[in-house]
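So the structure is just underneath, and the comments pick up after that.
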Amino acid sequence: MDEQYERYLHDPGSVDRTWRELFASPIPAPRRETRNGATTAQESADDADDAAVKAVRVAALIEAYRVRGHLVADTDPLTAARAAAHPELELTAFGLREDDLQREFVVDGFSGQATMTLRDVLKALQESYCRTVGTEYMHIQSSQERRWIQHRIESPQAPPDVAEQLQILYRLGAAEAFETFLQTKYVGQKRYSLEGGESAIVLLDALLLRSIGHGVREAVIGMAHRGRLNVLANIIGKSYAEIFHEFEDAGDIRSVQGSGDVKYHLGAEGTYRALDGGVIAVCVVANPSHLELVGPVAQGVVRAKQDRAADGGEAFPVLPIAVHGDAAFAGQGVVFETLNMSQLPGYRTGGTVHIVINNQLGFTTSPANGRSSAYATDVARTVQAPIFHVNADDPEAVVRVARLAFDYRQAFHKDVVVDLICYRRHGHSEVDDPSITQPAMYDRIDARASVRKLYAEALVHRGDITERQVEGALRDYQGHLERAFPQTRARPVPASPMPLN
Numbered sequence: 000m001d002e003q004y005e006r007y008l009h010d011p012g013s014v015d016r017t018w019r020e021l022f023a024s025p026i027p028a029p030r031r032e033t034r035n036g037a038t039t040a041q042e043s044a045d046d047a048d049d050a051a052v053k054a055v056r057v058a059a060l061i062e063a064y065r066v067r068g069h070l071v072a073d074t075d076p077l078t079a080a081r082a083a084a085h086p087e088l089e090l091t092a093f094g095l096r097e098d099d100l101q102r103e104f105v106v107d108g109f110s111g112q113a114t115m116t117l118r119d120v121l122k123a124l125q126e127s128y129c130r131t132v133g134t135e136y137m138h139i140q141s142s143q144e145r146r147w148i149q150h151r152i153e154s155p156q157a158p159p160d161v162a163e164q165l166q167i168l169y170r171l172g173a174a175e176a177f178e179t180f181l182q183t184k185y186v187g188q189k190r191y192s193l194e195g196g197e198s199a200i201v202l203l204d205a206l207l208l209r210s211i212g213h214g215v216r217e218a219v220i221g222m223a224h225r226g227r228l229n230v231l232a233n234i235i236g237k238s239y240a241e242i243f244h245e246f247e248d249a250g251d252i253r254s255v256q257g258s259g260d261v262k263y264h265l266g267a268e269g270t271y272r273a274l275d276g277g278v279i280a281v282c283v284v285a286n287p288s289h290l291e292l293v294g295p296v297a298q299g300v301v302r303a304k305q306d307r308a309a310d311g312g313e314a315f316p317v318l319p320i321a322v323h324g325d326a327a328f329a330g331q332g333v334v335f336e337t338l339n340m341s342q343l344p345g346y347r348t349g350g351t352v353h354i355v356i357n358n359q360l361g362f363t364t365s366p367a368n369g370r371s372s373a374y375a376t377d378v379a380r381t382v383q384a385p386i387f388h389v390n391a392d393d394p395e396a397v398v399r400v401a402r403l404a405f406d407y408r409q410a411f412h413k414d415v416v417v418d419l420i421c422y423r424r425h426g427h428s429e430v431d432d433p434s435i436t437q438p439a440m441y442d443r444i445d446a447r448a449s450v451r452k453l454y455a456e457a458l459v460h461r462g463d464i465t466e467r468q469v470e471g472a473l474r475d476y477q478g479h480l481e482r483a484f485p486q487t488r489a490r491p492v493p494a495s496p497m498p499l500n
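Numbering (numbering that gives the first Met the number 0), first residue to last: 0 to 500.
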């Protein structure tokens, strides 16, 4: 910082424009008076120099939070913040003191302001970078992309209105009720539950809602086992009765011999319908047991659809969404191979939204024993994709990140990663006991309420909705499932899931 100021004094053109603006218009510190009420020229000069140096240090503090704020963000629903503090984010690391908190500094548009007190700067930095979303984007070489992301995440965030909150709550209710029903009716059957990560349905819902009316005609989802049945039911519109029919192993009378495949490998096509009448076609690609191979298959499907739809309209009218597990995203080489092709002219699809359902466990392997990188998503840094780590127990933050990820994809036609940090309430496939290999982790999980319950309690506590509304919505979903269950032994008829109203 001091070196930048020295360079500016010798040659203003040798430093970046941001530094020049800071050095050229410092806010002077309060003038010190002599005993007779006058101030000396030397004291005034010292004050101005001190203000300029401190302004540079405040700018460096802001930059440090942009780079390292994600390291102390509260993104893990099972613990507190990753670290109580980081030595490179302390005031003392920048030559700033507690008595500087009330001083005002030039901040060059940070948080939409020209000047701010240091106290307000710290508060804004904490809100932008250290709450339930941790953002990695300073590895991106394009200054245009970095400024775009900075503007979005550093600007004040408007809270969702009641209609949006109810939409979130209903989606969480649908996801939870579906899994609970299967657990009750089909005890011991493999289903690769989404419990603990129900916010993935909220995330997909927000992505598809954002897509409608923004140049996207269709979405193609490539995903593995985890949560696939829930997505088929609550996003694609595959009827509950049809899914229950597959649990009965009754076979599909509409096919000659049947596929012989398990229910959590099957794909489907459907139509996602928004409450306002908007629609978008959605396809979930069938998946093998070979982890992450569905990724390049989905990319090929998207590219083929886009090539066939090249009619002079939107360049990339089909949205690819890739849903990964955390261990697979870090461990499977095909992930990097597919990422590496994402910007090649012969293969690009206009940017993929990657969703990592990060339950912090690969079967029975903890992250410390499964990867060398700090994050499961570090491989995405190789293609300069922004990465948003979000606490799955804050569904409102999940919605904000979903919209941000989609908007980035539309603006720059590049890949973007949402790291949905959650947990796995049951074993890997509901037939194993995870408390044997991760006893401490599962003690915390067993003691934790579901995200739907936590969010409902928060809304009721704030007075946004009533307890009666909460219970009524959950009963509606449970009733819908109970009505569908008797149809399982009959020929199931595809139908849309219960509308959100």
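Where a beta carbon is used, it is the ideal one built from N, C-alpha and C, also for glycine.
> The beta strand (DSSP E) spanning THR116 covers which residue range?
Replying inline: On the sequence shown, position 117 is the one that residue 116 refers to. It spans 114 to 116 - the beta strand (DSSP E) in which THR116 sits, taken as one unbroken run.
> From the DSSP output, which residues share a beta bridge with MET222?
Replying inline: Within the sequence shown, residue 222 is the residue found at index 223, counting from 1. MET222 pairs with VAL322.
>> Using a Cβ-Cβ cutoff of less than 7 Å, which residues in the same chain neighbour ASP463 once the five nearest sequence positions on both sides are dropped?
In response: Along the sequence shown, read from residue 1 onward, the residue named residue 463 stands at position 464. Here the set comprises VAL161, GLN164.
> What is the residue span of the alpha helix (DSSP H) that ILE200 lies within?
Replying inline: As a position in the sequence shown, residue 200 is number 201, starting the count at 1. ILE200 -> alpha helix (DSSP H) spans 198 to 210.
> Is LEU8 buried or exposed, if buried means 16 or more other CB atoms sit within 10 Å of its CB?
Replying inline: As a working note, residue 8 is residue 9 in the sequence shown. Exposed, by the Cβ-count rule.
> How many Å lie between ASP119 and ALA373 at the Cα?
Replying inline: Translated into positions along the sequence shown, residue 119 becomes position 120. Translated into positions along the sequence shown, residue 373 becomes position 374. Spanning the two alpha carbons is a distance of roughly 30 Å.
>> Across the stretch 401 to 414 and the stretch 345 to 359, are there enough close Cβ pairs to call them in contact, namely three or more that are closer than 8 Å?
In response: yes
> Helix or strand or just coil, what does DSSP make of LEU480?
Replying inline: Taking the first residue of the sequence shown as 1, we reach residue 480 at position 481. Three-state result, LEU480: helix.
>> Using the three-state DSSP reduction, which class does ILE354 fall into: helix, strand or coil?
In response: For the purposes of this step, residue 354 is taken as residue 355 along the sequence shown, with counting starting at 1. It is a strand residue.
> Beta carbon of VAL219, beta carbon of ALA297: below 8 Å?
Replying inline: By 1-based counting over the sequence shown, the position of residue 219 is 220. By 1-based counting over the sequence shown, the position of residue 297 is 298. Their beta carbons are under 8 Å apart, which means VAL219 touches ALA297 by this criterion.
> According to the Cβ coordinates, are GLU291 and VAL333 closer than 8 Å?
Replying inline: To locate residue 291, count along the sequence shown from 1; it is residue 292. To locate residue 333, count along the sequence shown from 1; it is residue 334. It is a contact, given that the beta carbons lie within the stated cut-off.
>> Check for me: the beta strand (DSSP E) holding ALA232 runs from which residue to which?
In response: The count along the sequence shown starts at 1 and reaches residue 232 at position 233. Careful: ALA232 lies outside any beta strand (DSSP E) and carries neither H nor E.
> With distances taken from CA atoms, which of ARG96, HIS85, LYS53, ALA92 is nearest VAL105?
Replying inline: By one-based count along the sequence shown, residue 105 stands at place 106. It is LYS53.
> Is it buried or exposed for HIS244, if we count other Cβ within 10 angstroms and need 16 for buried?
Replying inline: For this step, residue 244 is matched to residue 245 along the sequence shown. So HIS244 ends up on the buried side.
> Is GLY90 helix, strand or coil by DSSP?
Replying inline: Within the sequence shown, numbered from 1, the residue matching residue 90 stands at position 91. In the sequence on display, residue 90 carries Leu and not Gly. LEU90 falls in the helix class under three-state DSSP.
> Which residues bound the beta strand (DSSP E) around ARG272?
Replying inline: Your numbering for residue 272 matches position 273 in the sequence shown. Residues 267 to 272.
> Where are the beta strand (DSSP E) runs, 3 residues long or more, that stay fully inside the stretch 95 to 174, in chain order?
Replying inline: 103 to 105, 114 to 116, 132 to 135
>> Taking 8 Å as the cut-off, does the stretch 80 to 99 touch the stretch 146 to 161 (at least 3 CB pairs, one atom from each stretch)?
In response: no
> Does the separation of the CB atoms of VAL389 and THR179 fall below 8 Å?
Replying inline: As a first step, residue 389 must be located in the sequence shown, where it is residue number 390. As a first step, residue 179 must be located in the sequence shown, where it is residue number 180. It is not a contact, given that the beta carbons lie outside the stated cut-off.
> By a C-beta neighbour count over all protein chains shown, 10 Å radius and 16 as the cutoff for buried, is LYS237 buried or exposed?
Replying inline: For the purposes of this step, residue 237 is taken as the residue at position 238 of the sequence shown. Looking at its Cβ environment, which holds 16 or more other Cβ atoms inside 10 Å, LYS237 is buried.
>> Once DSSP output is grouped into helix, strand and coil, what is the label at GLU456?
In response: Taking the first residue of the sequence shown as position 1, residue 456 is located at position 457. If DSSP states are grouped into helix, strand and coil, GLU456 belongs with the helices.
> Just how far apart, CA to CA, sit ILE279 and VAL215?
Replying inline: The residue given as residue 279 occupies position 280 in the sequence shown. The residue given as residue 215 occupies position 216 in the sequence shown. So the two alpha carbons sit approximately 8 Å from each other.
> Taking Cβ positions, are LEU480 and ALA176 nearer each other than 8 Å?
Replying inline: Here residue 480 refers to the residue found at position 481 of the sequence shown. Here residue 176 refers to the residue found at position 177 of the sequence shown. Their beta carbons are under 8 Å apart, which means LEU480 touches ALA176 by this criterion.
> ILE200 and ALA174: beta carbons closer than 8 Å?
Replying inline: Here residue 200 corresponds to residue number 201 of the sequence shown, with the count starting at 1. Here residue 174 corresponds to residue number 175 of the sequence shown, with the count starting at 1. Closer than 8 Å, so yes.
>> Report the start-end ranges of each alpha helix (DSSP H) in the stretch 370 to 401 that is 4 residues or longer and not cut off at the edges.
In response: The stretch 370 to 401 contains no whole alpha helix (DSSP H) run of 4 or more residues.
>> Applying the 10 Å Cβ sphere with the 16-neighbour rule, what's the burial state of THR134?
In response: In the sequence shown, residue 134 corresponds to position 135, counting from 1. Within 10 angstroms of the beta-carbon of THR134 lie 16 or more other beta-carbons, which makes it buried.
>> For ILE139 and THR381, what's the separation of their Cα atoms in angstroms?
In response: By 1-based counting over the sequence shown, the position of residue 139 is 140. By 1-based counting over the sequence shown, the position of residue 381 is 382. The straight-line gap from Cα to Cα measures roughly 10 Å.
> To the nearest angstrom, how far is it from the Cα of ALA391 to the Cα of ALA58?
Replying inline: Reading the sequence shown from its first residue, position 392 is the one you call residue 391. Reading the sequence shown from its first residue, position 59 is the one you call residue 58. So the two alpha carbons sit approximately 32 Å from each other.
> Nearest to THR363 by CA position, among ALA51, ARG65, ASN229, GLY426, is which residue?
Replying inline: Here the question's residue 363 lines up with position 364 in the sequence shown. Cα-wise, what sits closest to THR363 is GLY426.
> Does the beta-carbon distance from GLU185 to ARG225 come in below 8 Å?
Replying inline: Here residue 185 refers to the residue found at position 186 of the sequence shown. Here residue 225 refers to the residue found at position 226 of the sequence shown. Looking at the sequence shown, residue 185 is not Glu but Tyr. Their beta carbons are not under 8 Å apart, which means TYR185 does not touch ARG225 by this criterion.
> Among ASP10, PRO76, ARG6, SER13, which one has its Cα closest to the Cα of ARG443?
Replying inline: Working through the sequence shown from its first residue, we reach residue 443 at position 444. Of the candidates ASP10, PRO76, ARG6, SER13, the one whose C-alpha sits nearest the C-alpha of ARG443 is PRO76.
>> Could you tell me the alpha carbon to alpha carbon distance between SER288 and MET222, rounded to whole angstroms?
In response: In the sequence shown, counting from the first residue as 1, residue 288 sits at position 289. In the sequence shown, counting from the first residue as 1, residue 222 sits at position 223. Their Cα atoms are separated by approximately 11 Å.
> Taking just the CA atoms, how far does ALA329 sit from GLU62?
Replying inline: As a first step, residue 62 must be located in the sequence shown, where it is residue number 63. As a first step, residue 329 must be located in the sequence shown, where it is residue number 330. Per the coordinates, the alpha-carbon of GLU62 lies some 28 Å from the alpha-carbon of ALA329.
> When DSSP labels each residue in this structure, what does ILE61 get in the three-state scheme?
Replying inline: One-based indexing of the sequence shown puts residue 61 at position 62. ILE61: helix per DSSP, three-state reduction.
>> Can you tell me which residues form a DSSP beta bridge with GLU429?
In response: Residue numbering aside, residue 429 sits at position 430 when the sequence shown is read from its first letter. BP columns for GLU429 are empty, so no partner.
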